[in-house]
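Heads up, the working numbering is the position in the sequence shown plus 19, with the first residue counted as 1. All C-beta atoms in this analysis are idealised placements derived from N, C-alpha and C, irrespective of residue type, glycine included.
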Amino acid sequence: MPEKIISRQIRAPLRGAFFMFGLCLILAWSGNAYTAGQQKAAIASAHPLATEAGLEILRQGGNAFDAAITVASVLAVVEPQSSGLGGGGFWLLHRASDGYETMLDSRETAPLAASADMYLDAKGNVQKGLSVNGPLAAGIPGIPAALDHLAMRYGRLPLNRTLASAIEVAEQGFPVDEVYRIKARFRIDQLNKWPAAGKIFLQGGKLPEAGYEIRQPDLAVTLKTIAVQGSRGFYQGEVAKRLVEGVREAGGIWQ
């Protein structure tokens with residue numbers, strides 16, 4: 020039976036950007052001393068910073084599930100075009116110690132106020148773009164709930180350890196590469212439409228130059244809150260309040 024993560028109805032958006040979960044593959048063999056060479060592991064992800072962060076958490080004594088949390092959270096920072104806290108994901112899990120296997124479903128869900136005709140005009144015609152752009156396109160994220168669930172059920176290390184790399188990259192920034200430039204060029208009109216997004220992900224309203232540093236201090240604050248409070252730090256409290264207010268002010272229906 021697949022595990023279903025129910026992201027609490029926020030009672031909760033990452034301001035200016037919404038994401039889908041990126042690909043991460045982690046293979047780890049049993050062992051307790053990675054640094055002593057008694058454990059072998061391989062990590063493949065969509066960004067070198069995420070891969071290295073995952074390897075580092077293994078060196079610190081984490082297991083494959085801890086590494087998955089670290090890789091996913093770093094990807095949430097360095098790949099805003101395809102993964103992040105604002106979306107959802109699926110996780111195929113295998114535990115070597117007892118052979119336990121499960122699929123974790125943390126797909127984002129529709130807001131409670133969503134309706135079958137929310138993308139139609141008064142005449143019943145589809146309003147082009149509403150389902151993919153803007154506040155009405157935003158589902159309630161599932162990733163924060165999944166990271167907390169993985170840490171509590173399967174990981175060895177606390178979230179303040181496994182999220183540390185993502186927090187650091189969000190605060191200090193990461194350099195723009197060609198992949199980022201291609202994706203940003205594709206969405207530049209939408210990024211400029213929302214000033215908060217354009218300020219973070221563009222360079223003076225234009226496509227960032229290669230090597231330009233993307234810093235996300237608000238995302239760092241959110242990650243720090245989750246690191247201390249778990250998923251409650253995202254779906255409840257001040258973070259949730261700010262997210263809901265931001266979505267509703269833009270015309271969305273979160274509550």
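8 Å contact criterion, which residue i and residue j should meet: CB distance rounded
i, j, result
"residue 184", "residue 70", "About 11 Å separates the two Cβ atoms, so there is no contact after all."
"residue 182", "residue 242", "5 Å"
DSSP three-state assignment for residue i, whether helix, strand or coil
i, result
"residue 137", "coil"
"residue 225", "strand"
"residue 246", "helix"
"residue 267", "helix"
"residue 173", "coil"
Own chain residues within Cβ distance below 8 Å of residue i, not counting five before or after
i, result
"residue 151", "none"
"residue 155", "137, 138, 149, 270, 271 and 272"
"residue 186", "239, 242, 243 and 246"
"residue 211", "217, 221 and 224"
"residue 305", "Residue 305 falls outside the range modelled here, since the chain spans only 20 to 274, and no answer is possible."
"residue 133", "272"
Residues near residue i in its chain [Cβ-Cβ closer than 7 Å; skip 5 each side]
i, result
"residue 68", "93, 97, 188 and 193"
"residue 257", "none"
Beta-ladder partner(s) of residue i, from DSSP
i, result
"residue 255", "DSSP output for residue 255 lists no bridge partner at all."
"residue 194", "232"
"residue 129", "Paired residue(s): none; residue 129 is not in a bridge."
Sequence-distant residues of the same chain with beta carbon closer than 6 Å to residue i, five excluded per side
i, result
"residue 178", "170 and 246"
"residue 264", "none"
"residue 73", "62, 86, 89 and 90"
"residue 100", "202"
"residue 253", "163 and 245"
Any non-hydrogen atom of the ligand ADP closer than 7 Å to residue i Cβ
i, result
"residue 266", "Here there are no bound small molecules, and the ligand ADP is not part of this structure."
> Is there contact here, the region 140 to 152 with the region 79 to 95, by at least three beta-carbon pairs under 8 Å?
Replying inline: Three or more Cβ pairs closer than 8 Å define a contact, and the region 140 to 152 falls short of that threshold against the region 79 to 95.
> Do three or more CB pairs link the region 195 to 211 to the region 224 to 232 at distances below 8 Å?
Replying inline: yes
> Within the chosen definition, does the region 210 to 226 reach the region 118 to 129 through at least 3 CB pairs nearer than 8 Å?
Replying inline: no
> So does the region 150 to 164 actually touch the region 95 to 113, counting three or more Cβ pairs closer than 8 Å?
Replying inline: yes
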